[in-house]
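Enquirer: Here the protein sequences come in this chain order: A and B.
For the first sequence, the UniProt record's numbering begins at 1 and goes up steadily by one.
For the second sequence, the UniProt record's numbering begins at 1 and goes up steadily by one.
2 protein chains.
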Amino acid sequence: MGQPNQSQTGQSLLFLTDEQLRVGIEAMFFAYRGFTADPDRILAEKGYGRAHHRAIHFIHRSPGTTVNNLLAILGVTKQSLNRVLRTLIEDGLVSNTVGQKDRRERHLHLTEAGETLERTLSDAQRARMRAAFRSAGPEAVAGFRTVLEAMMDEDMRRNYATLKEGTE
Amino acid sequence: MGQPNQSQTGQSLLFLTDEQLRVGIEAMFFAYRGFTADPDRILAEKGYGRAHHRAIHFIHRSPGTTVNNLLAILGVTKQSLNRVLRTLIEDGLVSNTVGQKDRRERHLHLTEAGETLERTLSDAQRARMRAAFRSAGPEAVAGFRTVLEAMMDEDMRRNYATLKEGTE
DNA sequence: CAGAATATGTCAGTGTTGTTGACATTCCAA
DNA sequence: TTGGAATGTCAACAACACTGACATATTCTG
Numbered sequence: 001m002g003q004p005n006q007s008q009t010g011q012s013l014l015f016l017t018d019e020q021l022r023v024g025i026e027a028m029f030f031a032y033r034g035f036t037a038d039p040d041r042i043l044a045e046k047g048y049g050r051a052h053h054r055a056i057h058f059i060h061r062s063p064g065t066t067v068n069n070l071l072a073i074l075g076v077t078k079q080s081l082n083r084v085l086r087t088l089i090e091d092g093l094v095s096n097t098v099g100q101k102d103r104r105e106r107h108l109h110l111t112e113a114g115e116t117l118e119r120t121l122s123d124a125q126r127a128r129m130r131a132a133f134r135s136a137g138p139e140a141v142a143g144f145r146t147v148l149e150a151m152m153d154e155d156m157r158r159n160y161a162t163l164k165e166g167t168e
Numbered sequence: 001m002g003q004p005n006q007s008q009t010g011q012s013l014l015f016l017t018d019e020q021l022r023v024g025i026e027a028m029f030f031a032y033r034g035f036t037a038d039p040d041r042i043l044a045e046k047g048y049g050r051a052h053h054r055a056i057h058f059i060h061r062s063p064g065t066t067v068n069n070l071l072a073i074l075g076v077t078k079q080s081l082n083r084v085l086r087t088l089i090e091d092g093l094v095s096n097t098v099g100q101k102d103r104r105e106r107h108l109h110l111t112e113a114g115e116t117l118e119r120t121l122s123d124a125q126r127a128r129m130r131a132a133f134r135s136a137g138p139e140a141v142a143g144f145r146t147v148l149e150a151m152m153d154e155d156m157r158r159n160y161a162t163l164k165e166g167t168e
């Protein structure tokens with residue numbers, strides 16, 4: 001609890017000061033707002049919310065994923081997800097096909113319209129991310145990712161690692 | 001739009017690949033969940049939500065701030081903030097004093113009970129942040145902050161810079 | 001095969017947090 | 001002093017999360 005003492009091991013731990021941590025906390029808060037701002041604007045126009053964006057993103061990322069899978073990644077209740085999926089399916093952005101092997105499962109895909117919206121959203125989000133990455137430079141980006149990974153919950157880190165595969 | 005070409009200036013821009021950006025986006029998503037998880041648990045027990053946390057945090061940060069001030073920082077409508085403030089005031093966590101100079105303004109302070117809750121919440125959040133910072137190391141933390149700052153909206157970066165003052 | 005377990009979907013109810021609209025109070029400047 | 005701007009409050013509504021209960025179809029297990 002409280003302040004890690006100054007000049008601890010000699011090797012400066014000043015970056016672990018309560019004040020520094022507070023700055024980090026506020027940085028997360030303000031940055032996350034920026035992070036979602038652009039897609040939020042686009043979604044609002046179409047009558048969707050952030051929940052729709054998340055569903056679309058991860059269906060795009062893992063085509064053919066099941067409802068249960070998505071549930072685990074998004075960390076919401078199935079009722080909540082179902083409401084979102086229903087509207088996306090009704091609006092023809094997502095398709096829902098019965099599983100081959102296990103016919104209880106529904107496999108989710110984006111339709112062409114869905115892919116179009118996905119691209120619009122992620123272009124907006126990527127543009128900001130790219131600008132931030134570019135201005136910060138590769139070393140900063142590496143640090144950014146290291147800290148974020150360390151901040152995740154254990155099980156989410158696993159999800160993240162899985163998703164990250166094939167990337168590098 | 002799309003993929004920045006490989007080997008552009010010779011000096012590797014591979015970290016600006018769409019794939020790398022996607023990983024960054026998902027890192028933000030999962031990390032933010034971790035970031036809010038601990039306080040969320042505490043808040044849920046007490047019947048509060050994230051909005052209460054934000055209000056408490058920034059009142060603690062800037063004692064005597066006005067409703068309007070808080071509005072600008074939090075980026076919500078005053079009606080939304082007001083509902084939250086009302087419950088906090090009713091519950092005796094926040095005090096509300098009429099301004100000396102301008103009697104339209106209300107100056108907000110945390111009561112002793114409010115400070116106690118604030119400490120509980122920020123201790124939880126800081127513990128995670130500290131663990132992440134420590135395991136990532138100072139250079140990574142510097143990069144983390146650089147990227148987050150670059151990701152903020154212009155006006156929020158201004159808020160952030162103001163708040164950051166006196167820190168370094 | 002019978003029954004348990006799994007995967008999905010639905011209905012009803014509740015709470016938080018955001019929105020808009022209406023309005024009271026206070027201040028300031030023409 | 002009066003009208004407009006600023007500040008804050010109240011009421012009603014929408015989005016989206018939650019819990020709990022339950023229906024249906026399918027698969028697995030003893």
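Cβ coordinates follow ideal geometry from the N, Cα and C atoms, glycine included.
Computed from a predicted structure; not experimentally measured.
Would you mind listing the beta strand (DSSP E) stretches within the stretch 73-107 of chain A that are 3+ residues and don't spill past its ends, in chain order?
Expert: 94-98
Enquirer: Just checking my contact of Gly143(B) with Ala142(A) at CB under 8 Å: how many whole Å lie between their CB atoms?
Expert: For the purposes of this step, residue 143(B) is taken as residue 143 along the second sequence, with counting starting at 1. For the purposes of this step, residue 142(A) is taken as residue 142 along the first sequence, with counting starting at 1. The Cβ separation is near 6 Å, so the contact holds.
Enquirer: Leu110(B) by DSSP, collapsed to three states: which one?
Expert: For this step, residue 110(B) is matched to residue 110 along the second sequence. Shown here, Leu110(B) sits in a strand according to DSSP, grouped into three states.
Enquirer: Might you give, ordered along the chain, the residues of its own chain that have their beta carbon closer than 7 Å to the beta carbon of Glu19(B), omitting 5 neighbours on each side?
Expert: Position 19 of the second sequence, counted from the first residue, corresponds to residue 19(B). Closer than 7 Å at Cβ, skipping near neighbours: no residue.
Enquirer: Give me, in chain order, the residues of the same chain whose beta-carbon lies closer than 8 Å to that of Asp38(A); leave out the 5 immediate sequence neighbours on both sides.
Expert: By 1-based counting over the first sequence, the position of residue 38(A) is 38. Closer than 8 Å at Cβ, skipping near neighbours: Ala124, Gln125, Ala127, Arg128.
Enquirer: Just list the residues that DSSP pairs Thr66(B) with in beta bridges.
Expert: Taking the first residue of the second sequence as position 1, residue 66(B) is located at position 66. Partner(s): His107(B).
Enquirer: Can you have a look at Ser122(A) and say buried or exposed, based on whether 16 or more other CB atoms are within 10 angstroms of its CB?
Expert: Against the first sequence, residue 122(A) aligns to sequence position 122. Classification of Ser122(A): buried, given that the 10 Å Cβ count is 16 or more.
Enquirer: Roughly how many angstroms lie between the CA atoms of Gln3(B) and Met152(A), to the nearest whole one?
Expert: In the second sequence, residue 3(B) corresponds to position 3, counting from 1. In the first sequence, residue 152(A) corresponds to position 152, counting from 1. Residue confidence is low: Gln3(B) scores 49 on pLDDT, short of 50, so the model does not pin down where it sits. Its coordinate-derived value is still stated next. Rounded to the nearest angstrom, the two C-alpha atoms are 28 Å apart.
Enquirer: What is the rounded straight-line gap between the Cα of Gly92(A) and the Cα of Thr111(A)?
Expert: Taking the first residue of the first sequence as 1, we reach residue 92(A) at position 92. Taking the first residue of the first sequence as 1, we reach residue 111(A) at position 111. Going by the C-alpha atoms only, they are around 7 Å apart.
Enquirer: Can you list, in chain order, the residues of its chain whose CB lies under 6 Å from that of Gln6(A), leaving out five sequence neighbours each side?
Expert: Counted from its first residue, the first sequence places residue 6(A) at position 6. Bear in mind that the predicted position of Gln6(A) carries a pLDDT of just 44, short of 50, making it too unreliable to give a figure here.
Enquirer: Is the stretch 82-92 of chain A touching the stretch 46-61 of chain A in the sense that three or more CB pairs, one from each, lie closer than 8 Å?
Expert: Touching, yes.
Enquirer: Got a sec: which bits of the stretch 154-165 of chain B sit with their beta carbon under 8 Å from any beta carbon on chain A, in order along the chain?
Expert: Met156, Arg157, Asn159, Tyr160, Leu163, Lys164
Enquirer: For chain A, find out if any of its Cβ atoms is closer than 8 Å to the Cβ of Leu121(B); answer yes or no.
Expert: The residue labelled residue 121(B) in the question sits at position 121 within the second sequence. Leu121(B) does not count as touching chain A.
Enquirer: Leaving out five residues on either side along the sequence, give the residues of the same chain with a beta carbon under 7 Å from the beta carbon of Gln8(B).
Expert: What you label residue 8(B) is simply residue 8 of the second sequence in a count that begins at 1. Low per-residue confidence applies at Gln8(B): pLDDT is 48, beneath 50, and the placement is therefore not dependable, though the value from the model is reported in the following sentence. Take Gln8(B), set aside five residues on each side of it, and no residue of its chain has a beta-carbon closer than 7 Å to its own.
Enquirer: So which of Arg54(B), Thr120(B), Thr146(B) has the shortest CA-CA distance to Ala132(A)?
Expert: As a position in the first sequence, residue 132(A) is number 132, starting the count at 1. Among Arg54(B), Thr120(B), Thr146(B), the Cα nearest to that of Ala132(A) belongs to Thr146(B).
Enquirer: Determine the DSSP secondary structure at Gly10(A), reduced to helix, strand or coil.
Expert: The sequence position of residue 10(A) within the first sequence is 10, counting from 1. Since pLDDT at Gly10(A) reaches only 47, below the 50 mark, its modelled position is unreliable, and the value read off the structure follows with that caveat. Coil at Gly10(A), not helix or strand.
Enquirer: Could you list which residues in chain A have their beta carbon closer than 7 Å to that of Val76(B), in chain order?
Expert: Indexing the second sequence from 1 puts residue 76(B) at position 76. Result: empty, since nearest Cβ-Cβ is about 11 Å, beyond 7 Å.
Enquirer: Use the C-beta contact count for Val94(B): other C-beta atoms within 10 angstroms, 16 or more gives buried, fewer gives exposed.
Expert: Along the second sequence, one-based indexing puts residue 94(B) at 94. Flag for Val94(B) reads buried.
Enquirer: Going by beta carbon distance, what residues of the same chain come within less than 8 Å of Ala161(B), once the five residues before and after it are set aside?
Expert: What you label residue 161(B) is simply residue 161 of the second sequence in a count that begins at 1. Cβ within range, chain order: n/a, list empty.
Enquirer: Taking 7 Å as the line, does the beta carbon of Leu88(A) fall inside it for any heavy atom of the ligand ZN?
Expert: For the structure depicted, the ligand ZN is absent and the ligand set is empty, with no information on it obtainable.
Enquirer: On the criterion of 16 or more Cβ atoms from any shown chain inside 10 Å, does Thr97(A) qualify as buried, or is it exposed?
Expert: Walking along the first sequence from the start, residue 97(A) turns up at place 97. Under this definition Thr97(A) is an exposed residue.
Enquirer: Does the beta carbon of Glu115(A) sit closer than 8 Å to a beta carbon anywhere in chain B?
Expert: By 1-based counting over the first sequence, the position of residue 115(A) is 115. No, Glu115(A) does not count as interfacial toward chain B.
Enquirer: By the three-class DSSP mapping on this structure, what secondary structure does Met156(A) have?
Expert: Taking the first sequence and counting its residues from 1, the one referred to as residue 156(A) is at position 156. DSSP places Met156(A) in helix when its eight states are reduced to three.
Enquirer: One question on the structure: do Ala66(A) and Glu115(A) come within less than 8 Å of each other, judged by their Cβ atoms?
Expert: The residue you call residue 66(A) lines up with position 66 of the first sequence. The residue you call residue 115(A) lines up with position 115 of the first sequence. Note that residue 66(A) is Thr in the sequence shown, not Ala. Not closer than 8 Å, so no.
Enquirer: Which stretch, first to last residue, makes up the alpha helix (DSSP H) that contains Leu43(B)?
Expert: On the second sequence, residue 43(B) is found 43 positions in, with the first residue counted as 1. Secondary structure note for Leu43(B): its alpha helix (DSSP H) is the uninterrupted segment 18-46.
Enquirer: Pick out whichever of Ile73(B), Leu117(B), Thr77(B) has its Cα sitting closest to the Cα of Ala27(A).
Expert: Numbered from 1 along the first sequence, position 27 holds the residue referred to as residue 27(A). Measuring from the Cα of Ala27(A), the nearest candidate turns out to be Ile73(B).
Enquirer: My guess is that Leu117(B) and Ile59(B) are in contact by the Cβ rule of under 8 Å, so how many angstroms apart are they, rounded?
Expert: Position 117 of the second sequence holds residue 117(B). Position 59 of the second sequence holds residue 59(B). Not really, about 11 Å apart at Cβ, beyond 8 Å.
Enquirer: Measure the alpha-carbon distance for Ile42(A) versus Arg33(B) and round it to whole angstroms.
Expert: The sequence position of residue 42(A) within the first sequence is 42, counting from 1. The sequence position of residue 33(B) within the second sequence is 33, counting from 1. C-alpha separation (whole angstroms): 23 Å.
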